[in-house]
DNA sequence: AGACATTGTCGAAGCGCTTCACCAGGGGCG
DNA sequence: CGCCCCTGGTGAAGCGCTTCGACAATGTCT
């Protein structure tokens, strides 16, 4: 293993000089810097992470807590995780993966052991158990999602209220009068995950404002759940012509079921999905959708953490503006028969 | 921050004693052990990870390299990643997430910096760039997937040859004579990812052995690709009655397309999927499938790494036996008209 | 009873790095 | 000209832990 001392000897300088070349915390003459950098490259030196963490009291690691749940859309989680990792690398940080299996105490362990110097929480619930611990340990943190009381916390999320409203507006603009929101699994609502409730709130409010008669139904994953939900809605409100779907796992089944019930998309009914663009593009017909900016959410979370490390106060909400892309699944409401 | 020295003072022993209590590397009297353990709990002590890594030259971290690609089935990756993380925790280890964006040199960086003391590689290609580096640095490693030359490496994977054969056998047993394998995206084959080619080989060989006329087509994600693939197969070989599908992303679209072409499942055609049980159960009809034991793959990889750390030679292939579960999507071949 | 293991504890060295305090050598300034 | 203040470099302390060797205090065997 190559150490800093060896690099120093090789370059004919003192260890501290090498350290300062690497960290850039002191001005170094052009000449010595180059000499040192050449030695580093030549010897293939990489600083020892542990030693660095010990001496500097910072580990350059971000801990990422992901949920174990399966009722969330996994690819979105993954996309966020990957965006976090690549952004972190850009700042010279690595990412430690924590699952919620270990329980909320993982927060304490990580903070106390100095394994990471910041935490990103995904899939935040309204009353999340981890948040009191976070406040107590005073660890640097960013949340993806909104808890009930976000005061003093750094939060990043899509503006789901605006998302629900945007979808309702789109359908209203197209002349639809009866609309339905097909949401996430019931367990998600029971858990009081913020995004689902916020979407619903935004949707309801805007639908009411636009004079739409509206309906909301949760929907589990899988064919059974999806077709059951659709047929119950159609039975209850046969004149529903606008659907907003916030449930990627059920999407193909919902479309299939609509087709089977004799409704053509978009001629008879319109569908607006809340999903990643990729999913919208891979459906048939391609879906009008409000996209979930997974990459940006991950990137922003890391950037906020880095600003926080630099002493900035980053607390507050960063709500990303939703954008709706019209594709083939929505169109003017059919004239009443 | 609580240090080991503080614990020692609190318990009235020397720091080394506390260390030995924690590591268990020396015998300690019942009495002192209890006293120390109480102090640890009382003070809420957690060893500093960096200091520990520096002194012991082991970080208790496993690096997990996951691919950035989107043509693999993401939920399976995630399931493996989660299984790895929870198993690692059981051994007192944490998991560092690396994406392939950083390139193969990430392997070198991690090994040299002592950030992790073992690496798990996912999505291994037949001629993987990371493998030479792995051999060169001599880092402890486990691969999920098989490279072309696995000699000296510790590999874990589903036995995909047996998987292909098993699916062919199942269809043959049911009396089907013309079968087709609908595989992963073409890019996966072009990249020479082992699992796709091995499934194909096993399928071909067993189909030939059982006297089946067989066909293979890659298939991209999304509706377009799926329905195109199906209709081309049906056009080319209209009497195909058995389908093996190794492409989760295309699965719902394929089923839809079959229905649309007037083929009932399982009355007219049988479908065997190679996918996680969850996907098979959420389809309609529920799919006969060979499951992908994602959890076990992750678990085994970690266990092998731990054995390796204990000095065992774990090199060689660990191929998990595939199991086929018959559900609603396969049945006896229809008698020829 | 003496020699010899065994057991439980301690002290100190040192892992590789950062960072503080210090110093030498030039300017620029009044 | 003397002063101070930059700039670029060094030395050494110390971060919190592991681990080796030393050493009492026991027990065990002839």
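Chains as they are written, first to last, in this note's numbering: chain R, 2 to 338; chain A, 2 to 338.
Yeah, the Cβ is synthetic: ideal placement off N, Cα and C, and Gly gets one too.
Beta carbon proximity, residue i to chain R, threshold 8 Å
i: residue 305(A); result: no
i: residue 123(A); result: no
i: residue 55(A); result: yes
i: residue 189(A); result: no
i: residue 98(A); result: yes
i: residue 88(A); result: no
i: residue 288(A); result: no
i: residue 323(A); result: no
i: residue 29(A); result: no
i: residue 79(A); result: yes
i: residue 41(A); result: no
i: residue 105(A); result: no
i: residue 294(A); result: no
i: residue 113(A); result: yes
Contact with chain A by residue i, beta-carbon distance below 8 Å
i: residue 271(R); result: no
i: residue 285(R); result: yes
i: residue 298(R); result: no
i: residue 118(R); result: no
i: residue 51(R); result: yes
i: residue 75(R); result: yes
i: residue 253(R); result: yes
Continuous alpha helix (DSSP H) stretch holding residue i: start and end
i: residue 297(A); result: 295 to 310
i: residue 78(R); result: 75 to 91
i: residue 210(R); result: 195 to 210
i: residue 280(R); result: 278 to 283
Opening and closing residue of the beta strand (DSSP E) in which residue i lies
i: residue 157(A); result: 155 to 159
i: residue 317(R); result: 317 to 321
i: residue 183(A); result: 179 to 183
i: residue 218(A); result: 214 to 218
i: residue 14(A); result: Run containing residue 14(A): none; DSSP gives neither H nor E here.
i: residue 270(A); result: It is not in any beta strand (DSSP E) - residue 270(A) carries neither H nor E in the DSSP assignment.
i: residue 142(A); result: 142 to 145
i: residue 51(R); result: Careful: residue 51(R) lies outside any beta strand (DSSP E), inside the alpha helix (DSSP H) at 50 to 57.
i: residue 65(A); result: 62 to 67
Under 9 Å from the C-beta of residue i: neighbouring residues of chain R
i: residue 110(A); result: 47
i: residue 8(A); result: Correct list: empty, because the minimum Cβ distance to chain R is about 13 Å.
i: residue 184(A); result: Neighbours of residue 184(A) on chain R: none; closest Cβ ~18 Å, over 9 Å.
Neighbouring residues, chain A, relative to residue i (Cβ below 7 Å)
i: residue 222(R); result: 283
i: residue 69(R); result: 83
Listed by chain order, chain R residues near residue i by CB distance under 7 Å
i: residue 95(A); result: 97 and 116
i: residue 5(A); result: What residue 5(A) touches in chain R: nothing, since even the nearest Cβ is about 12 Å away.
i: residue 60(A); result: 51
Chain-ordered neighbours of residue i on chain A, where CB pairs are closer than 8 Å
i: residue 38(R); result: Those within 8 Å of residue 38(R) in chain A number zero; the least Cβ separation is about 17 Å.
i: residue 257(R); result: 253 and 257
i: residue 169(R); result: Residues of chain A passing the Cβ test: none, with the nearest at roughly 27 Å.
Integer Cβ distance of residue i from residue j, believed to fall under 8 Å
i: residue 219(A); j: residue 190(A); result: 6 Å
i: residue 284(A); j: residue 325(A); result: With 8 Å as the limit, residue 284(A) and residue 325(A) do not qualify as a contact, their Cβ atoms being about 16 Å apart.
i: residue 161(A); j: residue 199(A); result: 4 Å
Residue i Cβ short of 7 Å to the ligand COA heavy atom set
i: residue 54(R); result: Ligands are entirely absent from the displayed structure, and the ligand COA is therefore not among its contents.
Amino acids of chain A, ordered along the chain, whose beta-carbon sits closer than 9 Å to that of residue i
i: residue 102(R); result: 83, 86, 87 and 90
(request) Indicate whether the contact test is met: 3 or more Cβ pairs, each with one atom in the segment 290 to 298 of chain A and one in the segment 258 to 278 of chain A, closer than 8 Å. (result) Three or more Cβ pairs closer than 8 Å define a contact, and the segment 290 to 298 of chain A meets that threshold against the segment 258 to 278 of chain A.
(request) Answer yes if the segment 173 to 188 of chain A comes into contact with the segment 135 to 151 of chain A, meaning at least three C-beta pairs across the two stretches below 8 Å, and no otherwise. (result) The answer is no - the segment 173 to 188 of chain A does not touch the segment 135 to 151 of chain A, with fewer than three Cβ pairs under 8 Å.
(message) Closer than 8 Å is the cut-off here; do at least three beta carbon pairs connect the segment 324 to 335 of chain R with the segment 110 to 129 of chain R?
(response) Because the criterion of three Cβ pairs below 8 Å is not met, the segment 324 to 335 of chain R and the segment 110 to 129 of chain R do not touch.
(message) Within 8 Å, do at least three Cβ pairs link the segment 72 to 90 of chain A to the segment 298 to 312 of chain A?
(response) As far as the Cβ criterion goes, the segment 298 to 312 of chain A touches the segment 72 to 90 of chain A, which means the pair count is three or higher.
(message) Would you call the segment 232 to 252 of chain A in contact with the segment 21 to 37 of chain A, where contact means no fewer than 3 C-beta pairs closer than 8 Å?
(response) Taking 8 Å as the limit for Cβ pairs, the verdict is that the segment 21 to 37 of chain A does not touch the segment 232 to 252 of chain A.
(message) Pairs of beta-carbons, one from the segment 313 to 321 of chain A and one from the segment 145 to 155 of chain A, closer than 8 Å: are there three or more?
(response) Cβ pair count under 8 Å is three or more, so yes.
(message) Within 8 Å, do at least three Cβ pairs link the segment 12 to 26 of chain R to the segment 59 to 67 of chain R?
(response) The segment 59 to 67 of chain R, when compared against the segment 12 to 26 of chain R, does not touch it at the 8 Å Cβ threshold.
(request) Mind the definition here: the segment 259 to 268 of chain A touches the segment 222 to 238 of chain A only if three or more C-beta pairs lie below 8 Å; say whether that holds. (result) Pairwise C-beta distances place the segment 259 to 268 of chain A in contact with the segment 222 to 238 of chain A, as three or more of them are shorter than 8 Å.
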